[in-house]
Amino acid sequence: MLPETCGSSLFLALPDDVFAIISRSLSLKDMCNLSICCKSLSALVASEKIWLSQCDVVGIVPTRDLVEWREGVVSYKALCRFLVRVKPLIGIWVHQNPELGNVVYVMPGFVSVVGCRIIPQELGPLGIEDGPILWAPVFEIIGDFDGSTTFLLHGREKGCDFLYPGLVESVEQNCNVLFLEVEPREKRNGCKLLPSKSFTHHSTEEISRKVCRSNSGLSRSQQVSGRSEAVVPFSRLAFGDRRTLLETVTGQVRLMVTDSIREPLFPRLREDAENFQKDLILLLQRRSSLLQMYKFGSDHSCTDLNESTAISAGPIQLELSDIRKSLDRSSSSTSTSLNGDDGQTHGNNRKSIGGYFRASIKQILRKSSSLNGGRAMSRLNSSSGENRHALLHDFLNSGDTIGLTLHAMTMKLSAYRAWPNMHDTQFALYKLPMRVPMEDQEYAGLWGGTFGWPPGRPTEDKPGKALFFLLLSYEETDGKRSLIATKILEGTHYVLHPNGSAMFIVNIDEPSLDPFPWDSDADSHPVSVKHAFMGEGIANGYGFRYPGSKPGSLFVIQNGLLAFIWKESRAVLTLQRLNLQDLLKKGEQVPALPPVANFSYLTKSYSNVFAGFSNTSTCSSSLRTSVNCLTAEILRNCSVHGIVNLILHFIG
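Numbering-wise, our numbering puts 816 at position 644 of the sequence shown, and it's gapless, one number per residue.
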């Protein structure tokens, strides 16, 4: 080989298209190493085609979407920086409470990722594919012009929709827990805010260094302050202090949502070409407005809100002196606000007998929940060697300003049948591991469906059927392979089984000889069963927390359906594989909860707390449902002695 074709000259002699193909086999670290070898290679690596190829390798969105996203950033290199940062967040995140299901799906938006909560709901006559799925926004992470991240928490207070800006801190590559926290920071060079993330203040070399920079393990504020050893972690604070800080900070950084930025959060399906193009225009305008609000704030007045929520230090950072004053002013009413049901209005309820009765019950339930949380915290502290909480005073002295942060961390979690064991008092979401279907695990993944056959068809007595989301995973014990269907969402009015329960478990190596009871499907087509496996389905057991099981069979039908049939009752649960991203793009957005509860709903509940969007025509039925739910909740959480005392208190 000639000398002039060796080394860097070989790369420089290649056409951009060819080198772009080769670069798909290189890591980002390799790309950065090439860029610092010499000026010629640096110019080659800076090619837009090269970084478009790298963006495609990340795999969050297809190439045609990347071309459209490029309009929102200065270069494909900046876009790649954003994609690499947020990729670990894509997927399904859950929490134990409420028991009906708390499913947050993080999906691509437009130069952003969006956390969408799927509302527990009934399935209408159009079925899963054509019927609109109800969802509520939880948070957004938007890519700025230079590829840096912008965090916006969604919430609703007193009839107004708000955004709550903050910072995205560490996002670990294999993160499995997502924390909403408050973090103090120091002022820098006399400024109240951290430096602007506008691309105009960064050179191409600086962006390259940021793309290549490894995660040092310290948060951004700790790197800025230079005194990370003095920072008191938010997680060290007592639960009451953490909740107070979150509610105080969100109450002061909030930005009112106007009609121009209310929606869309992501485009509709590309097949709807006309509306898709309209959505892209709206998304560009919305994104520009959101970035302006994030950096400079906005008028967030609302007729129902007082003027005490004015931002003092900036749109994302508050002066700690103002926070201390706010905490002092609210000290007399803190217990009342914290013991409420996450921002829900109680005045009218407590004027009625039912409201008084409900409030009394909640005191008992809250006491039980706090005891359980205390035991969990005690176990956590004993395992970590920390035997006491940090003082709020020490935490507030860690900096000069304070703001919301989102941390995505990797933690060692125990799990039971694919469902992680969760902490009762952490404002967090937990990621579910999604198994990609393989030859020996072809049924792994997310499935959804309803009880009854034909699947999804309503009847006169049941115009809507409860929608179930199940995560199917495989487990091998003693040489036997089992398929486990973990419930993550239940669309009933009142929960039947605990969140994370195994709806059925089948032995993949044990065929079933039971016949399928029906000959035809919803379209009168003959049913052809490909496989059938023996197993057990969930049933009533020793109380709510300890369900039992009864024999049944899982049938694999030729059109991609699964049907589990309980042998004794003949009840059938029919399932189909789901594409959550497509379902949400065809879905219907509903209002969110108050901000802290919208991220992580910690109050123990057995009913649909996300159904506050119901109209007045359903109020009477909802009231009857609430009474029935309350009665069952009493029986499940109170002793006989406690019930008697409560009734005497109620009568007297």
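All C-beta atoms, glycine included, are put in the ideal place defined by N, C-alpha and C.
Going straight from the alpha carbon of residue i to that of residue j, what length do you get?
i: Arg-440; j: Asn-447; result: 7 angstroms
i: Leu-642; j: Met-606; result: 12 angstroms
i: Tyr-778; j: Leu-272; result: 6 angstroms
i: Tyr-602; j: Phe-771; result: 12 angstroms
i: Ile-737; j: Asn-671; result: 21 angstroms
i: Pro-626; j: Arg-434; result: 38 angstroms
i: Pro-763; j: Val-278; result: 17 angstroms
i: Glu-301; j: Leu-685; result: 32 angstroms
i: Phe-202; j: Val-233; result: This sequence places Asp at residue 202; Phe is not what is there. Computed Cα separation, rounded: 23 angstroms.
i: Thr-573; j: Ala-580; result: 22 angstroms
i: Tyr-615; j: Gly-299; result: 21 angstroms
i: Tyr-666; j: Trp-690; result: 30 angstroms
i: Tyr-646; j: Lys-659; result: 14 angstroms
i: Cys-204; j: Val-343; result: 21 angstroms
i: Ile-710; j: Leu-206; result: 57 angstroms
i: Arg-357; j: Cys-332; result: 29 angstroms
i: Asp-754; j: Gly-281; result: 12 angstroms
i: Phe-349; j: Glu-708; result: The displayed chain sequence assigns Val, not Phe, to residue 349. Spanning the two alpha carbons is a distance of roughly 31 angstroms.
What's the call for residue i, buried or exposed, on a 16-neighbour Cβ count within 10 Å?
i: Val-608; result: exposed
i: Ser-586; result: exposed
i: Val-217; result: buried
i: Gly-231; result: exposed
i: Gln-457; result: exposed
i: Lys-757; result: buried
i: Phe-468; result: exposed
i: Arg-289; result: buried
i: Glu-353; result: buried
i: Asn-269; result: buried
i: Asn-780; result: buried
i: Thr-746; result: buried
i: His-267; result: buried
i: Val-310; result: buried
i: Ile-305; result: buried
i: Tyr-714; result: exposed
i: Val-768; result: buried
i: Arg-717; result: exposed
i: Ala-185; result: exposed
i: His-669; result: buried
i: Ser-473; result: Any reading at Ser-473 must be qualified, since the residue scores a pLDDT of 45, below 50, and its modelled position is unreliable; the value itself is stated next. Per the 10 Å Cβ criterion, exposed.
i: Thr-372; result: Annotation note: pLDDT 35 at Thr-372 (below 50); position unreliable, no value reported.
i: Cys-210; result: exposed
i: Asp-566; result: exposed
i: Ser-181; result: exposed
i: Arg-742; result: exposed
Name the one or two DSSP bridge partners that residue i has.
i: Val-275; result: Val-266 and Ile-290
i: Thr-649; result: Lys-652
i: Phe-282; result: Looking at the DSSP assignment, Phe-282 forms no beta bridge with any residue, so it has no partner.
i: Arg-749; result: Trp-619
i: Trp-897; result: Missing from the structure shown is residue 897; the chain here goes from 173 to 824 and no further.
i: His-836; result: The chain is shown only over 173 to 824; residue 836 falls outside these bounds and no answer can be derived.
i: Leu-601; result: Leu-350
i: Tyr-836; result: Given a span of 173 to 824 for the chain in the structure shown, any question on residue 836 remains unanswerable.
i: Gly-709; result: Phe-676 and Lys-722
i: Lys-659; result: Leu-642
i: Ala-192; result: Its beta-bridge partners do not exist; DSSP assigns none.
i: Val-701; result: Ile-729
i: Lys-637; result: Leu-295
i: Arg-328; result: Asp-333
Pick from the options: whose alpha carbon is nearest that of residue i?
i: Leu-339; options: Glu-240, Asp-316, Cys-332 and Arg-196; result: Asp-316
i: Thr-664; options: Gly-636, Phe-311 and Leu-755; result: Gly-636
i: Arg-408; options: Ser-214, Ser-725, Pro-719 and Leu-564; result: Leu-564
i: Pro-297; options: Asn-712, Glu-344, Glu-760 and Thr-622; result: Thr-622
i: Ser-721; options: Leu-733, Met-706 and Gln-730; result: Met-706
i: Leu-655; options: Pro-683, Arg-257 and Val-667; result: Pro-683
i: Gly-624; options: Asp-693, Leu-251 and Leu-182; result: Asp-693
i: Phe-323; options: Trp-241, Gly-303, Tyr-336 and Arg-357; result: Tyr-336
i: Val-286; options: Ala-215, Glu-329 and Arg-459; result: Arg-459
i: Pro-723; options: Ile-729, Val-678, Leu-733 and Pro-698; result: Val-678
i: Gln-730; options: Thr-235, Asn-346, Ser-700 and Pro-260; result: Ser-700
i: Leu-578; options: Phe-406, Leu-238, Thr-649 and Leu-726; result: Phe-406
i: Ala-638; options: Asp-650, Lys-652 and Gly-620; result: Gly-620
Residue i: beta carbon under 7 angstroms from a heavy atom of the ligand SAH?
i: Ser-741; result: Looking for the ligand SAH in the displayed structure turns up nothing, as the structure carries no ligands at all.
Consider the Cβ of residue i: report whether some Cβ of chain B lies at a distance smaller than 8 angstroms.
i: Arg-408; result: Judged by its chain identifiers, the structure shown contains no chain B, having just a single protein chain.
Complete runs of the beta strand (DSSP E) confined to the region 333-359 [at least 3 residues] = 349-357
Go through the region 202-231 residue by residue and report every complete run of the alpha helix (DSSP H) that reaches 4 residues or more, in order.
-> 211-217 and 220-230
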